[in-house]
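In my numbering, the protein residues as written are 370 to 451.
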């Protein structure tokens, strides 16, 4: 069975079930959107992240933020599980 890779935010965010456990990643690299968001929420600047990941571009970091905003635009229902 062939897996399907999806692209978002001008191809900067990719979803591939065979990479990073299917989590959204940056341009098919093994750097997840979650990783970048965690760095940003810990107070790291975009410049500091770019130094740690020289293969990234500022547009990649901005795409992570856009992707997260688009996810939050959906309606969610939470259920308590016993």
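All C-beta atoms, glycine included, are put in the ideal place defined by N, C-alpha and C. Quantities reported herein were computed from a predicted structural model and do not represent experimental measurements.
Beta bridge counterpart(s) of residue i as assigned by DSSP
i: residue 383; result: 376, 394
i: residue 401; result: 394
Option in the options with minimal Cα separation from residue i
i: residue 420; options: 405, 410, 432, 434; result: 405
i: residue 430; options: 408, 449, 376; result: 408
i: residue 380; options: 391, 389, 397; result: 397
i: residue 434; options: 395, 390, 385, 448; result: 395
Three-state secondary structure assigned by DSSP to residue i
i: residue 441; result: helix
i: residue 435; result: helix
i: residue 448; result: coil
i: residue 425; result: coil
i: residue 411; result: coil
Whole-angstrom distance between residue j and residue i, CA atom to CA atom
i: residue 372; j: residue 387; result: 8 Å
i: residue 446; j: residue 415; result: 32 Å
i: residue 444; j: residue 436; result: 15 Å
i: residue 438; j: residue 451; result: 30 Å
i: residue 391; j: residue 423; result: 23 Å
i: residue 393; j: residue 441; result: 15 Å
i: residue 418; j: residue 428; result: 12 Å
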